[in-house]
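All residue numbers for the sequence shown refer to full-length UniProt numbering, where the first residue is 1 and numbers rise by one. The C-beta atom is built at its ideal place from N, Cα and C for all residues, glycine as well. Owing to the predicted nature of the structure, the values given are computational and were not obtained by experimental measurement. Single-structure report; data block below.
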Amino acid sequence: CPSACYCVATPELVTCRYERLEEPPRELPAAVHNLSIAGSNLSILPRAAFAARPLRDLRLLRLRHDNIHTIEDMALQGLPALRTLDLSHNPLLSVAAGAFAGVPLLRTLQLNQALLAAPLEEQLALAMQNLTLRRLELAGNGLQALPASLLPPGLEELDLRNNSLQRLAAAELRSLEAPELRGLRLNLGANPLSCDCALRPFLAWLRSAGSRVLDARSLRCAGPPALRGAALLRLRPEGLVCTASEGGEPGQLETASYVFFGIVLALIGIVFLMVLYLNRRGIKRWLHNLREACRDQMEGYHYRYEQDADPRCASAVGTP
1 CPSACYCVAT PELVTCRYER LEEPPRELPA AVHNLSIAGS NLSILPRAAF
51 AARPLRDLRL LRLRHDNIHT IEDMALQGLP ALRTLDLSHN PLLSVAAGAF
101 AGVPLLRTLQ LNQALLAAPL EEQLALAMQN LTLRRLELAG NGLQALPASL
151 LPPGLEELDL RNNSLQRLAA AELRSLEAPE LRGLRLNLGA NPLSCDCALR
201 PFLAWLRSAG SRVLDARSLR CAGPPALRGA ALLRLRPEGL VCTASEGGEP
251 GQLETASYVF FGIVLALIGI VFLMVLYLNR RGIKRWLHNL REACRDQMEG
301 YHYRYEQDAD PRCASAVGTP
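Structure, rendered in structure tokens:
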């Protein structure tokens, strides 16, 4: 085993953790099957980064939390048996078009929380075009839409958990029905699904092709507040209200409700005016009587004030 690593049980499993390595260890056992390097500072994977000693039997390579930001052409040269590559939790900034060349058997690519530092869809699409992937993990990358350019023909499983997906739009659902992707299964948990009327196409697709979403039963609404936490599969399409939120459909139902409310207020106003008009004589008489009563009341107050202010009345009251 290299001095910075340790071998578990046999030399076939090698783990190097938090040793702050700046390049892959060179003295690896030739028979290693699984290699894990975590918590280092590899920064750049140069050409033939693991070719110092041929690792013809390496099948799984984990490079998590290694601060990798650049992967150069032919970086994995010398790993012909590699089937699983894990680059999760790295701040990737640049991926060369030939980054994954030389690994014809690669079937699983894990890029969880690795696409947050820069938009890399175009670069990754070029790098992946010659791969025959079966599983792609893109969890925790803040994706707001289905990355159609990253779905190679024949892909069987796509992990999109913990992203920023509010829904899958109708165009995205049609792309999933393409012949080369009909066997694709998805994981969509922990996404902030918006349960408004724009979700209806996705809800219909989910019910008709529920087996293609592995965690369909656990999907929950993140909004609106009235449906927060509700299970998607228990919703009815007519219960999904249109809103004017970003990415949704126009708020047709909200507009209709405001119009209806305005019409009701207008009708109430018309009825009130009609009542006033039909009772105009009685209202006029009532106002006249009210005015006369107020006048009599005010005259009584005025008379008592004058009596109280008359000095003769005051002296008469004071004489025994």
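Does DSSP put residue i in a helix, a strand or coil?
i      : result
Val275 : helix
Tyr301 : helix
Asn41  : coil
Asp296 : helix
Arg17  : strand
Leu265 : helix
Ile283 : helix
Ile68  : coil
Gly78  : coil
Cys1   : coil
Pro237 : helix
Phe50  : coil
Leu28  : coil
Arg56  : coil
Gly247 : Reliability of the predicted coordinates at Gly247 is poor, the pLDDT of 44 falling under 50, and the value obtained from them is presented with this limitation in mind. The answer is coil: DSSP assigns Gly247 none of H, G, I, E or B.
Leu290 : helix
Leu92  : coil
Report buried or exposed for residue i, applying the criterion of at least 16 other Cβ atoms within 10 angstroms of its Cβ.
i      : result
Gly239 : exposed
Ala171 : exposed
Met298 : exposed
Asp66  : buried
Glu137 : buried
Met74  : buried
Asp296 : exposed
Ser208 : exposed
Leu93  : exposed
Met128 : buried
Gly262 : exposed
Leu265 : exposed
Ser211 : exposed
His89  : buried
Asp159 : buried
Ala117 : exposed
Phe50  : buried
Ile71  : buried
Val14  : buried
Trp286 : exposed
Val259 : exposed
Cys294 : exposed
Gly269 : exposed
Pull up the CB-CB distance for residue i and residue j, whole angstroms please, since I reckon it's below 8 Å.
i      : j      : result
Cys195 : Gly223 : 7 Å
Glu122 : Pro147 : Their Cβ separation, rounded to whole angstroms, is 11 Å, which puts Glu122 and Pro147 out of contact at 8 Å.
Glu156 : Arg134 : 5 Å
Pro24  : Ile44  : Not quite, the Cβ-Cβ distance comes to about 11 Å (not below 8 Å), so this is no contact.
Leu76  : Val103 : 5 Å
Ser40  : Leu61  : Not really, about 13 Å apart at Cβ, beyond 8 Å.
Ala114 : Leu150 : That pair is no contact at about 12 Å.
Leu193 : Leu184 : No, Leu193 and Leu184 are not in contact; Cβ-Cβ is about 19 Å, not under 8 Å.
Leu219 : Leu188 : 6 Å
Leu186 : Leu214 : 7 Å
Ala81  : Leu105 : 6 Å
Leu42  : Leu63  : 7 Å
Leu143 : Leu109 : Incorrect: roughly 15 Å between the Cβ atoms, too far for contact.
Cys16  : Cys7   : Between Cys7 and Cys16 the Cβ distance is about 10 Å, and since that is not below 8 Å, they are no contact.
Phe202 : Arg167 : 5 Å
Opposite residue i in the DSSP bridges: which residues?
i     : result
Asp86 : Arg62 and Gln110
Tyr6  : Thr15
Leu35 : Val14 and Leu61
Heavy atom of the ligand MG less than 7 Å from the Cβ of residue i, yes or no?
i      : result
Gly282 : Absence of the ligand MG is noted for the structure shown, with no ligands found whatsoever.
Task: Complete runs of the alpha helix (DSSP H) confined to the segment 94-147 [at least 4 residues] - done: Residue ranges of uninterrupted alpha helix (DSSP H) with 4 or more members, entirely inside the segment 94-147 and ordered along the chain, are 121-128.
- [ ] Within the segment 147-230, note down every full alpha helix (DSSP H) run reaching 4 residues or more, in order along the chain.
- [x] Contiguous alpha helix (DSSP H) elements confined to the segment 147-230 occur at 170-176 and 200-208, taking only those with 4 or more residues.
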